[in-house]
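Worksheet for the structure shown next.
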Amino acid sequence: MKKRSLLFIGLMIVLCMFALTGCGGNKPAATNDANVKDNVDVSKLVKNDAYTDIEKNTLKALEPLPDKGDGNVKVGVVMPTMSNPFYVAAKAGYEDAAKSLGIQVEVVSGSKEDDVEGQLNAFKTLLGKDFDAIVIIPINGMNLISGVVEANKKGIPVICSGTTLNAAAAAEAGAKIAAHMSNNFTEQGHLAAAYISEKIKASGAQTAKVAVIEGLAGASQGEARRDGAVAAFKEAGMNVVSIQTGDWDRQKAYNIATNLLQSNPDLRGIFCANDTMALGVVEAMKVAGKKDQVFVTGIDFLDEARQSLKAGELNASVAMAPYMAGKGVLTLVLKVLQGHDITQQNYWSPIALITQENVNNYDDWK
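So this is what it looks like as structure tokens:
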């Protein structure tokens, strides 16, 4: 097993883009790299060089780049919820990128993380409007399949981001997507859990009790993060005493952690599939007087997680860049609409493991 750095790890997020259906029969448009590259100067938005590199690497991975939209391209975006700060940042990223890319965008969502029906209804509302393409970020692999089928019938290309559609169910229903941009969620979980394991071993213990709190049941990203974390713990010789579903919810994670400590007072680490749950776990550890004993990691690097890291409470968070995601996905949308051949399988964008030691280097990350 390769050694993973404790302080700064370039996490290579796989942006798996693949064409599952035709792109409307259009011929590939001539590309104009400058049109897209000059649209959003991220260096003016943030001071962090690592963040600026994300834009460069994301756009490089998407080459050949499409032409900028003419201002009349209309794209709908279906997010899980606006109750999670991660998606609030993502929405802002889509809206800002759309302005500079010559796209009109409308973002809708369900009411909360598990509002599968609400998200589907929001999707179908967009289908009744005049959109050229629709981006979906499904709550789970099943809930938007019927909407994709309806979009296919209307000839509206669907681009999937984040959680993937359940392949078997989508095939059975005849649901096809034009392209897919996603992350290596398994590696995210592996990275965070490996960090916990290394911290435990650095304290002098070769093995210890650890636990995993995943997200919403059926959500592919949470399950992949769970699997990556469990694999890392086992590789390090840790004893995984509990794997529970926290539904991305802070209070549920708090309750799980409280109960875990009662049954396992010698617990040393808890991996959480997002920062919201990790912050709930941190609070439970503080109330129990166990924070110095239990290492806690999350994923997303939310602003509150940043502050918790600086306060010496949360131990680490795998940083994602929800704001930048909008530019990457909308660039992919333009490629689809302009008839580009979406054949390349793997696209890489480096980001970091943020710890208490290096968090001050990421004050402007979003």
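Just so we're aligned, residue 644 is where the sequence shown starts under my numbering, counting upward by one.
Glycine included, each C-beta is placed from N, C-alpha and C at the ideal position.
The model shown is predicted, which means the values in this text are computed figures rather than measured ones.
Taking 3 residues as the minimum length, the beta strand (DSSP E) runs contained wholly in the segment 898 to 940 are 912 to 915, in order along the chain. The beta carbon of ALA874 lies closer than 7 angstroms to those of HIS833 in the same chain, with the five residues before and after it left out. Secondary structure at THR998: strand, using DSSP grouped into helix, strand and coil. When the alpha-carbon of ALA835 is set against those of VAL718, ALA921, GLY745, PRO707, the nearest one is in ALA921.
Annotation: the continuous alpha helix (DSSP H) that includes ASN795 extends over 788 to 797.
Within the same chain, Cβ atoms closer than 6 angstroms to the Cβ of LYS895 are found at GLY889, the five residues on either side in sequence being excluded.
The alpha carbon of LYS755 has as its nearest neighbour, out of GLU866, PHE938, ALA794, TYR730, the alpha carbon of TYR730. For LYS767, the enclosing alpha helix (DSSP H) has its first and last residue at 759 to 770. With fewer than 16 other Cβ atoms inside 10 Å of its own Cβ, LYS699 counts as exposed. The criterion of a C-beta distance shorter than 8 angstroms is satisfied by ALA765 and VAL751.
The DSSP assignment places 852 to 857, 882 to 888 as complete runs of the beta strand (DSSP E) inside the segment 847 to 894, in order along the chain (cut-off: 3 residues). Counting along the chain, ILE802 sits inside the beta strand (DSSP E) bounded by residues 801 to 804. Residue pairing by DSSP leaves MET967 without any beta bridge partner. Partner residues in the beta bridge of GLY719, as assigned by DSSP, are GLU749, ILE777.
Of the candidates ALA964, GLY969, THR974, the residue whose Cα lies closest to the Cα of LEU996 is ALA964.
Taking C-alpha positions only, ILE886 is separated from HIS983 by approximately 43 angstroms.
Here TYR1005 is actually not in contact with THR940; their C-beta atoms are around 15 angstroms apart, not less than 8 angstroms.
In the three-state reduction of the DSSP assignment, ILE942 falls in the strand class, which pools E and B. SER960: member of the beta strand (DSSP E) spanning 959 to 962, first to last residue.
Per DSSP, reduced to three states, the secondary structure at THR807 is coil, with no helix or strand assignment. Excluding its 5 nearest sequence neighbours in each direction, VAL979 has C-beta neighbours in its own chain below 6 angstroms: CYS666, PRO800, ALA821, ALA822, listed in chain order. For ALA822, the uninterrupted beta strand (DSSP E) segment begins and ends at 822 to 824. Under DSSP, THR724 takes part in a beta bridge, and its partners are GLY753.
Within 10 angstroms of the beta-carbon of VAL930 lie fewer than 16 other beta-carbons, which makes it exposed. The beta carbons of ALA818 and VAL792 sit about 5 angstroms from each other, so the pair counts as a contact at 8 angstroms. Distance from the CA atom of GLY745 to the CA atom of THR974, rounded to whole angstroms, is 11 angstroms. Counting along the chain, the unbroken alpha helix (DSSP H) around LEU834 starts and ends at 828 to 845. Using a C-beta cut-off of 8 angstroms, the segment 839 to 848 makes no contact with the segment 902 to 909, since fewer than three inter-stretch Cβ pairs fall below that distance. Taking a C-beta distance under 8 angstroms as the contact criterion, VAL884 and ALA848 do not qualify as a contact pair.
Just measuring C-alpha positions, the residue of PHE914, LYS767, PRO723, ASP773 sitting nearest VAL716 is ASP773. The shortest C-alpha to C-alpha distance from LYS933 to any of ALA732, LYS796, GLU956, ASN917 is the one to GLU956.
The C-alpha of ASP909 lies about 7 angstroms from the C-alpha of LYS852. Here PHE938 really is in contact with ILE843; their C-beta atoms are around 7 angstroms apart, less than 8 angstroms.
CA-to-CA, the gap between VAL1002 and LYS767 works out to about 41 angstroms. Apart from the 5 residues on each side of it in sequence, LEU952 sits with its Cβ closer than 6 angstroms to the Cβ of GLN999, VAL1002 in its chain, given in chain order.
For the 8 angstroms CB-CB criterion, TYR897 and GLU926 form a contact.
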